[in-house]
Amino acid sequence: MRKVVFVTGASAGIGRATAIAFARAGYAVAAVARSGERLERLRQQVESRLGAPLLPLVADVAERDQVAAAVEETVARFGGIDVLVANAGIGHYGRVVETSPEAFERLWRTNVMGVVHAVQLAVPVMREGGGGHIAIVGSVVGHRSWPYHGPYAATKFALVALSQALRAELAQDGITVTLISPGSTKTEFFERAQVEGEYRPRPIGPSQKPSTVARAILRSVERPKAEVVTVPGLRGMLLLGEMLPGAADRVARWWARRQDRR
Numbered sequence: 023m024r025k026v027v028f029v030t031g032a033s034a035g036i037g038r039a040t041a042i043a044f045a046r047a048g049y050a051v052a053a054v055a056r057s058g059e060r061l062e063r064l065r066q067q068v069e070s071r072l073g074a075p076l077l078p079l080v081a082d083v084a085e086r087d088q089v090a091a092a093v094e095e096t097v098a099r100f101g102g103i104d105v106l107v108a109n110a111g112i113g114h115y116g117r118v119v120e121t122s123p124e125a126f127e128r129l130w131r132t133n134v135m136g137v138v139h140a141v142q143l144a145v146p147v148m149r150e151g152g153g154g155h156i157a158i159v160g161s162v163v164g165h166r167s168w169p170y171h172g173p174y175a176a177t178k179f180a181l182v183a184l185s186q187a188l189r190a191e192l193a194q195d196g197i198t199v200t201l202i203s204p205g206s207t208k209t210e211f212f213e214r215a216q217v218e219g220e221y222r223p224r225p226i227g228p229s230q231k232p233s234t235v236a237r238a239i240l241r242s243v244e245r246p247k248a249e250v251v252t253v254p255g256l257r258g259m260l261l262l263g264e265m266l267p268g269a270a271d272r273v274a275r276w277w278a279r280r281q282d283r284r
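In my numbering, the protein residues as written are 23 to 284.
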């Protein structure tokens with residue numbers, strides 16, 4: 023019997039690559055996103071090329087009732103959920119003081135509450151099945167924020183806290199939790215992000231393919247770790263920033279002034 027993965031934000035980028043990676047590994051895939059058209063194209067690709075079943079589920083993770091319906095449909099179709107990949111997220115960039123309360127709330131409802139909804143609704147199913155694995159897709163900016171990235175980074179910092187608590191709370195249920203922290207990834211994320219002011223978001227540092235992150239997520243199921251930073255060498259830089267916060271702040275101030283002069 024195939025194991026089942028429930029992937030949010032599955033219509034593009036990391037989520038789409040993850041759905042394909044798990045299908046290739048023999049999983050039945052429940053693919054959740056807001057775009058039914060994109061999900062249908064993904065279903066056709068996966069089922070025709072890989073021979074794995076894919077259930078397209080149109081839902082907005084910010085809406086708990088929609089996530090609940092998606093979980094119920096997954097259980098009805100596949101019998102359970104073995105792996106949850108909480109990946110759905112949106113971007114918003116600009117100065118903290120210039121970002122509207124409405125934008126902050128929109129970010130929080132999708133990037134944080136969207137994860138909370140998926141976890142709270144999937145965990146009872148996993149418990150009934152005897153265990154499972156949760157991969158929460160955060161970001162390296164969830165460890166070190168950056169000028170103009172504050173609103174988005176705040177939501178990713180929150181995922182660090184959630185992951186840490188969940189690892190301890192769910193251990194007795196046989197459910198493991200990994201925080202996946204990608205760096206810049208070659209997706210349409212920056213183009214689709216909302217922006218306050220003149221700043222235009224773009225990759226900082228080396229960019230990786232979505233498939234690289236997807237493989238890291240798949241490996242985390244077989245070899246669960248507390249956290250996986252998907253860009254080689256970046257974990258060391260993050261640790262250095264924590265050890266030398268004053269130096270990191272000076273670099274950030276220099277970078278902010280540079281952006282202001284553009």
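For each residue, glycine too, the CB sits at the ideal point set by N, CA and C.
Excluding the 5 residues flanking residue i on each side, which residues of the same chain have their C-beta closer than 6 Å to its C-beta?
i	result
PRO123	none
THR30	VAL54, VAL83, ALA108, ASN109, ALA110, ALA140
ALA125	HIS114
THR40	VAL29, VAL107, ALA236, ILE239
GLY37	VAL29, GLY31, ASN109
VAL80	GLY58
ARG189	VAL199
GLY258	With a pLDDT of 49 at GLY258, under the threshold of 50, the modelled position of this residue cannot be trusted, and the question is left open.
ARG65	LEU76, PRO78
With a threshold of 8 Å on Cβ separation, who are the neighbours of residue i within its own chain once the five nearest residues in sequence on each side are excluded?
i	result
GLU62	PRO78
GLU69	PRO75, LEU76
ALA187	none
Cβ of residue i within 7 Å of Cβ of residue j?
i	j	result
GLY153	GLY196	yes
GLY136	VAL26	no
ILE158	LEU181	yes
VAL253	GLY205	yes
LYS247	THR200	yes
ILE202	VAL250	yes
GLN121	PRO173	In the sequence under discussion, the amino acid at residue 121 is Thr, which differs from the Gln named in the question. It is a contact, given that the beta carbons lie within the stated cut-off.
ARG24	ALA50	yes
MET119	VAL243	Note on residue identity: the sequence assigns Val, not Met, to residue 119. For VAL119 and VAL243, no; Cβs fall outside 7 Å.
Using DSSP's beta-bridge definition, name the partner residues of residue i.
i	result
LEU61	DSSP, once it has assigned bridges, lists no residue as partnering LEU61.
LEU76	VAL51
ILE197	GLY154
VAL250	ILE202
VAL159	ILE202
Report all residues from its chain with a CB closer than 7 Å to the CB of residue i; omit the five preceding and five following residues, and keep chain order.
i	result
ARG86	HIS139
ARG149	ASP195
ARG60	SER33, ALA34
HIS171	TYR115, VAL163
Could you pull the start and end residues of the beta strand (DSSP E) that residue i belongs to?
i	result
THR30	26 to 30
MET105	Per the sequence shown, the amino acid found at residue 105 is Val instead of Met. Element bounds for VAL105: 105 to 108.
What residue range does the alpha helix (DSSP H) around residue i cover?
i	result
VAL93	86 to 100
ILE36	35 to 46
SER242	232 to 244
List the whole-angstrom C-beta distance separating residue i from residue j, where the pair is believed to meet the contact cut-off of C-beta under 8 Å.
i	j	result
PHE100	ALA43	Not confirmed; about 18 Å, so no contact.
SER167	ALA175	4 Å
VAL93	LEU143	5 Å
Of all Cβ atoms in chain C, is any one closer than 7 Å to the Cβ of residue i?
i	result
ARG189	The chain labelled as chain C is not found in the depicted structure, where only one protein chain is given.
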